[in-house]
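Residue numbers (my numbering): -8 to 792. Glycine included, C-beta positions come from ideal geometry on N, C-alpha and C.
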C-alpha cells in the first residue's frame, strides 16, 4: 500500500508540473492579442506604465478561464505521454495499478483544476472585469480635447473633424489663438452628403456643450467660414462672423469623462449578485425584458460551471489518450490538445450563441460540449480497459525495465535517466525529437539572433540619428527629443532589421557549430543536417508571427509618433499622420494649406488636392484651388479637372474659374516639404502608419472615388508578405551556412549580409515592376518570398547530410 501511495504521488507530481507549464503557455498565447492591443492603446493615448500594467493584470483572469482547462489537457497529455513512452505506465499496470487505480490520481488532479478554475471564474474574473471597465471610465476616458491639443499640431482624433491651433496661451485651458477647423462632408439619411466646411478664426474657446453627454462646443471669434462641395463648386458659400458656434461635436467614447461607476452586467456579478439577478428578473413586469434577463443570468451561471468542469473532464480524458496517442512527445501532445480544444470551443460557442438567442434551451446549449467530452472519455476508458490475459505477461516482464526508473526519485538517478533519454536516434530515425539537442541548437541560434538584432538596430539607429542630432544642435532643441524619437522609432524598423538578423543568426549559429566540430558530432549521432535546421526554422516561424503582430498593432502608432517628433526636431511644417477621414493635411510656405486624398511620392502626383491660401493673423482665406490630380513637371504643378476661387474680402466670393488643365507656379515645390526625400509631407508613409485593415478600407474608398490606387495596393500586399520574409531569408541562408563550414562565424556574417542585400535588391526590382503595373500587386509583393523560398528549399535538399 505504501508503494502505491508513492506511485500515486509520483504521478500527481508529474501531471501537476506539466499542467502548470501548460497553463502558463496557453495564458501567454491567449494574452498575446490583448498585449498588443493594450500596447497600441497605451502608445495612442499616452498611458503611463502603471496604468498599462494594471490593465494587463486585469486581463489575466479572463485569460485563465480558458487557459486552465486547455492547460490541464495539454499538461496531462504531456505527462502521461512521457510516462507511457518511458514504459512507466506499463510498470504501473504490471505492479498492480490497473486503469481503475491509475484513474484515482487523475480524479484528484481534475478536481483540483476544476476548483481552481471555478474560483477564478466565479469570484476573480467578475471583479477584474468590473475593475477594468471602471478604469476605462475613470482614467482612459478622462482625456479631453483641451488636454490633447498641441500648438501647431493637427488634431484628428475627433471623428469627421481636423483642428489646428497656432498657439495656446500658457496657463489657459480651452482658449485657442488662430484656430482652423475642418469638417468633412456629413452623411445624411436618404440624401447626398452635406458640404465640407473650413473655419478660420483669430480666437476660439473650447468647452463642454450644454446638456452633458460629453459633447463639445467650439465658439469661434472674429473669422470666416467657407462651405463647399468640390464636385459642385458653384454652390460655394462663405460668410464673415464676429462669433460663430457650429453644432456640438460628439467626441469618441474615450474622450468622454465619466466619474460615475458603470452599471454591472451579468459578467461582472458575483455568485450572490447573480442569484439576486435571477430573482429580480423573475419579478420584471415587462415580459420580453423578463425572459431576456432570466436567460442571460442563467447563461452566465451555467458558463461559470461548464467551463471549469471541462478541466475535470480533460484531466480524465488525458489518461487514455496519453497512453495510446501521444507517446511520441510534446509535439504530438500539443497537436492532440489543439484538435480537442478546437472541437470543444466550436461546440461551446455555437451552443452558447444559440442559447443566448433563445433558439435552444440554456442547459444543452452550454453543457453540450462537456457532454461530448464526457461521452468521449467514457468510450476511451472502455477501450483502455480491454486488456486481454495474453497481454499481462508482457506487462509483468516489463517491470524489470520500468519499475527501477519509476522509483528513481533521487536527483542523481533522474539526471541519469534524462541523459539516457536524450541519446539521439540511430541513422534513419527521421524527425524523432531529441529535446536536449534541439534546445542546444535553439539556444545557439537565439544567442546569435539577439546579437545580430541588436547590431542591426544600432546600425540603423546610427544612420537615422545622424541627421536628427545635427538638427537638434542647429535648432537648439531639447536633447530628450532624441530619446523620445528612438522610443517610437525602434518598433517600426523591426520589419527591416529582423530579416537581416535572422539570416545572419542562422549562418553564424551553424558555422559556429561546424567550427567546434559539433555538426560532425550531430551527424555521427544520427541527426541529419536538415534535422539540425528544424529548431532554427521553428523559432523563425515564431519570430514571423511576432513581427506580424508588431507591424499590424504597434508599429502604425509608433511610426506616426516618431515622424511627428522628427518633424518637430527638423522644423518641418505641421501635418497629419496616419489615416485621416477625408484626406491628409500639411502647411506649406506663404500660408498655403494643402489637403489631399493621396500622394504618389515616386511620381510626385497628387490625387484629390485642395489648396487654401490662409492668413492666420487676419483670419482670412485668400484663395482656393481644387483639382482631381496635380503632377510636378518642369518646375511647377500641372493640375487637371478643377477650379479656382479668389476671396478679395472676408466673407465675399470673388473670381471663379473652372479649368481642365492649368499650370500653378505659386505653390511649394516638393523639396520644401522634407529635407531628405522628395515626397510631399511623406505622403508615401501612409501604409507604415495604418494597419492592414485600415489600409484596405482606404484603398476601397479611393477606388470608389475613381482614384488610382496602384501604389497603395502594392504596399498593402507588401505588408502581408513582410512577416514571412525572415523565414525566407533563413531558408536561403541555411544551405550556404553548411557550405561555409568551419571558416568562422565572421565569414558567415559576411555571407549572410551578401545574401540579404541580394534578396532586398530583388524585392526592390519586383516592387518597381508592380508600381509600373507590369506585374499585379500581389505577384510583385510575394514573388521575392516565393522565389527565394523555393531556391533555399531546393538547395537545402542537396546539402551533405
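- Residue 560 sits close to residue 472, with the two beta carbons spaced by under 7 Å.
- Within its own chain, the residues whose Cβ lies closer than 7 Å to the Cβ of residue 460, once the five positions on either side in sequence are excluded, are 473, listed in chain order.
- Here residue 49 really is in contact with residue 123; their C-beta atoms are around 4 Å apart, less than 8 Å.
- For residue 168, the secondary structure class from DSSP, reduced to helix, strand or coil, is strand.
- A distance below 7 Å between beta-carbons, with the five flanking residues on each side excluded, links residue 261 to the following residues of its chain, in chain order: 114 and 117.
- Annotated three-state conformation of residue 764 is coil, per DSSP.
- Nearest to residue 443 by alpha-carbon distance, out of 206, -4, -3 and 494, is 494.
- As for any alpha helix (DSSP H) of minimum length 4 sitting wholly inside the segment 254 to 314, the runs are 262 to 273, ordered along the chain.
- Taking the C-beta atoms as reference points, residue 364 is found no nearer than 7 Å to residue 279.
- Here residue 177 is exposed, its C-beta having fewer than 16 other C-beta atoms within 10 Å.
- With 16 or more neighbouring CB atoms inside 10 Å of its own CB, residue 557 falls in the buried class.
- Residue 532 and residue 539 have their C-alpha atoms roughly 11 Å apart.
- Of the candidates 101, 218, 167 and 182, 218 places its Cα closest to the Cα of residue 612.
- Taking a cut-off of 8 Å on C-beta distances, the segment 515 to 524 does not touch the segment 702 to 712, as fewer than three cross pairs fall below it.
- Contact between the segment 348 to 366 and the segment 325 to 339 is established, with three or more Cβ pairs separated by less than 8 Å.
- Cβ atoms of residue 63 and residue 302 come within 8 Å of each other, at about 5 Å.
- Take residue 785, set aside five residues on each side of it, and no residue of its chain has a beta-carbon closer than 7 Å to its own.
- Its chain contains 170, 211, 212, 213, 214 and 610 as the residues whose beta carbon lies nearer than 7 Å to that of residue 192, once the 5 sequence neighbours on both sides are disregarded; these appear in chain order.
- Note: residue 648 is bridge-paired with 635 in the DSSP secondary-structure output.
- At a cut-off of 4 residues, the continuous stretches assigned as alpha helix (DSSP H) that sit fully inside the segment 468 to 529 are 471 to 483, 485 to 506 and 509 to 515.
- Bounds of the beta strand (DSSP E) holding residue 614 are 611 to 624.
- Counted as a single uninterrupted DSSP element, the alpha helix (DSSP H) harbouring residue 726 occupies residues 716 to 731.
- If you draw a straight line from the Cα of residue 307 to the Cα of residue 314, it comes to about 12 Å.
- Judged by their CB atoms, residue 719 and residue 761 are not nearer to each other than the 7 Å cut-off.
- Closest by C-alpha distance to residue 374, out of 350, 348, 310 and 152, is 310.
- In chain order, 54, 57 and 58 place their CB closer than 7 Å to the CB of residue 21, counting only its own chain and leaving out the 5 sequence neighbours on each side.
- Per DSSP, the unbroken alpha helix (DSSP H) holding residue 121 starts and ends at 116 to 126.
- The shortest CA-to-CA distance from residue 788 to any of 767, 440, 757 and 727 is the one to 727.
- In the DSSP secondary-structure assignment, residue 575 is bridged to 587.
- Judged by their CB atoms, residue 297 and residue 285 are not nearer to each other than the 7 Å cut-off.
- In this structure, residue 293 places its C-beta atom within 7 Å of the C-beta atom of residue 353.
- Residue range 596 to 606 is occupied by the beta strand (DSSP E) that includes residue 597.
- Secondary structure at residue 190: strand, using DSSP grouped into helix, strand and coil.
- Between the alpha carbons of residue 450 and residue 497 lies a distance of about 19 Å.
- Taking the C-beta atoms as reference points, residue 623 is found no nearer than 7 Å to residue 602.
- For residue 67, the uninterrupted alpha helix (DSSP H) segment begins and ends at 40 to 76.
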